[in-house]
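Step one of this worksheet: look at the structure below.
So, in structure tokens, the structure goes:
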């Protein structure tokens with residue numbers, strides 16, 4: 014799948030004040046993206062299995078790293094999600110929540126346990142109450158869905174503040190990107206993976222008891238499940254090698270065991286945020302062409318991601334949140350930006366081309382799978398105030414079902430309300446792609462928008 018031409022091989026920051034300027038630049042870059050100023054399509058409800066959402070806008074899972082040490086939500090956590098709920102999105106996707114203390118990437122990552130599930134129950138009830146009121150004010154009759162993302166941080170695990178990578182396989186470039194050596198951490202053994210297959214199910218039960226509408230088995234951004242999907246160089250393993258059945262075995266077993274526990278009637282959603290392409294050159298990588306000797310980013314081949322989604326369809330999965338890339342390695346694939354984090358280089362790619370890649374890969378997935386599976390897309394925040402018009406066109410033309418926003422939600426949690434009430438996003442409140450929220454995360458701090466929210470600031 015070829016999506017980008019030679020025109021894309023230069024960087025240029027966002028400088029478009031009016032839509033005409035953005036359209037002109039897209040034309041110069043040979044990127045075919047259409048816009049629709051009829052935003053009514055974003056107000057349509059959508060059925061997802063036995064559930065439904067009242068509109069087509071969603072909050073993406075963005076780690077705040079503001080949980081208390083025992084993993085329960087803090088004041089800052091509740092504040093963030095309350096602000097999301099007031100915005101009126103039809104779906105709120107709660108951030109990566111660790112399945113165990115030892116698998117966190119930050120000491121202040123959320124983690125749901127038997128000991129703190131009551132705190133989560135209060136949290137979910139509070140957020141749903143705020144969301145219901147906001148949606149009623151905006152004229153919607155349905156309720157927001159609240160999904161909890163469950164994760165094992167894999168090679169990005171830490172013991173306290175010390176990096177302790179739990180890898181699927183060795184990769185020098187990925188180690189170098191986070192300044193660890195091959196001797197740090199370990200390669201996870203098959204016996205550990207077998208034991209882990211039940212862990213997601215245990216946490217999913219707690220999430221259901223807390224009142225969440227479903228769980229996401231996170232399979233993107235270079236974390237454990239994502240890395241296993243591309244682990245061709247994991248040798249002599251049930252969970253690696255060139256056989257795709259082996260590389261997908263762990264993920265599919267987790268889903269199967271989770272469904273066996275209690276989710277046969279469809280009242281509790283099982284979903285995944287799936288990284289369909291990470292750009293890591295073959296023989297590693299997922300969603301990449303089987304071509305030796307390529308440099309990053311590798312050529313796209315969505316054969317295996319589509320095969321995996323068809324397997325998920327057979328298991329009854331009806332909602333998939335699409336993403337790409339590994340933000341710990343080459344973040345511009347996941348979230349195009351104007352300014353990198355401190356010490357990083359600008360990519361040799363136009364950010365609009367990165368947005369286009371995400372949109373077109375998502376569209377390719379959508380047209381290649383069952384209509385019963387609803388697809389949520391990513392990467393729209395970079396388009397700032399112009400994003401609703403591309404989202405409207407994509408949904409109208411059945412190229413995506415739901416449009417999810419992450420960095421925009423940090424910067425402007427009321428963006429859905431602005432769209433629904435004013436047919437626009439306030440350009441003075443948009444995400445500006447400055448990477449300062451990522452800088453906070455890199456510095457080990459709680460994350461948010463330092464430009465738009467006075468609760469956050471970056472300190473050297």
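In my numbering, the protein residues as written are 14 to 473.
Even for Gly, the Cβ is constructed at its ideal location relative to N, Cα and C.
Expected contact under 8 Å - CB spacing of residue i and residue j to nearest Å
i	j	result
residue 294	residue 311	4 Å
residue 390	residue 413	4 Å
residue 344	residue 52	Not confirmed; about 29 Å, so no contact.
residue 329	residue 106	About 19 Å; that fails the 8 Å criterion.
residue 341	residue 169	6 Å
residue 282	residue 226	6 Å
residue 444	residue 370	So it is not a contact: roughly 19 Å between Cβ atoms.
residue 54	residue 408	5 Å
residue 65	residue 155	6 Å
Short Cβ contact (8 Å threshold) for residue i with residue j
i	j	result
residue 109	residue 273	no
residue 234	residue 347	yes
residue 68	residue 115	no
residue 474	residue 210	Residue 474 lies beyond the stretch modelled for the chain, which goes from 14 to 473, so this question has no answer here.
residue 259	residue 251	yes
residue 143	residue 95	yes
residue 222	residue 161	no
residue 290	residue 246	no
residue 242	residue 309	no
residue 171	residue 119	yes
residue 14	residue 313	yes
residue 455	residue 301	no
residue 415	residue 46	no
residue 20	residue 42	yes
residue 460	residue 78	yes
residue 35	residue 428	no
Candidates the options: closest to residue i by CA position
i	options	result
residue 100	342, 72 and 129	72
residue 136	178, 176 and 91	91
residue 478	417, 93, 152 and 301	Lying outside 14 to 473, the shown extent of the chain, residue 478 is not represented and no answer is given.
residue 44	394, 399, 422 and 372	372
residue 257	445, 191, 321 and 422	321
residue 62	98, 284 and 222	284
residue 315	306, 130, 335 and 129	335
residue 58	50, 48, 70 and 200	70
residue 363	27, 14 and 206	27
residue 140	36, 159 and 440	159
residue 128	206, 220 and 406	220
residue 237	392, 33 and 288	288
residue 216	149, 98 and 267	267
residue 201	399, 214, 191 and 178	178
residue 1	263, 214 and 387	Past the edges of the chain, shown from 14 to 473, lies residue 1, and the structure says nothing about it.
residue 384	352, 429 and 333	333
residue 382	437, 442, 318 and 427	318
residue 431	30, 16, 18 and 56	56
residue 350	339, 365 and 337	365
residue 326	249, 387 and 208	387
residue 248	180, 37, 392 and 163	180
residue 419	148, 93, 261 and 206	93
residue 117	304, 163, 146 and 98	163
Chain E contact for residue i (CB, 8 Å cutoff)
i	result
residue 287	Among the chains of the structure shown, chain E does not appear; only one protein chain is present.
Secondary structure, beta strand (DSSP E): runs of 3+ residues fully inside the region 316-348: 332-336
Taking only runs of the beta strand (DSSP E) that begin and end inside the region 251-295, which ones reach a length of at least 3 residues, in chain order? 282-288
Which full runs of the alpha helix (DSSP H) of 4+ residues lie inside the region 80-115, going along the chain? Secondary structure remark: continuous alpha helix (DSSP H) runs of at least 4 residues inside the region 80-115, in chain order: 88-100.
Is the region 121-130 in contact with the region 76-92, if contact means three or more CB pairs nearer than 8 Å? yes
With three or more C-beta pairs closer than 8 Å as the rule, is the region 170-189 touching the region 358-366? no
Okay, do the region 456-466 and the region 406-423 touch, 3+ Cβ pairs below 8 Å being the bar? Taking a contact to require three or more Cβ pairs closer than 8 Å, the region 456-466 and the region 406-423 qualify as touching.
Taking the runs of the beta strand (DSSP E) that are 3 residues or longer, which of them lie wholly in the region 130-188? 158-164
Counting only runs that start and end within the region 22-66, where is the beta strand (DSSP E) found for 3 or more residues in a row? 59-61 and 64-66
At 4 residues or longer, what runs of the alpha helix (DSSP H) sit wholly inside the region 372-419? 400-409
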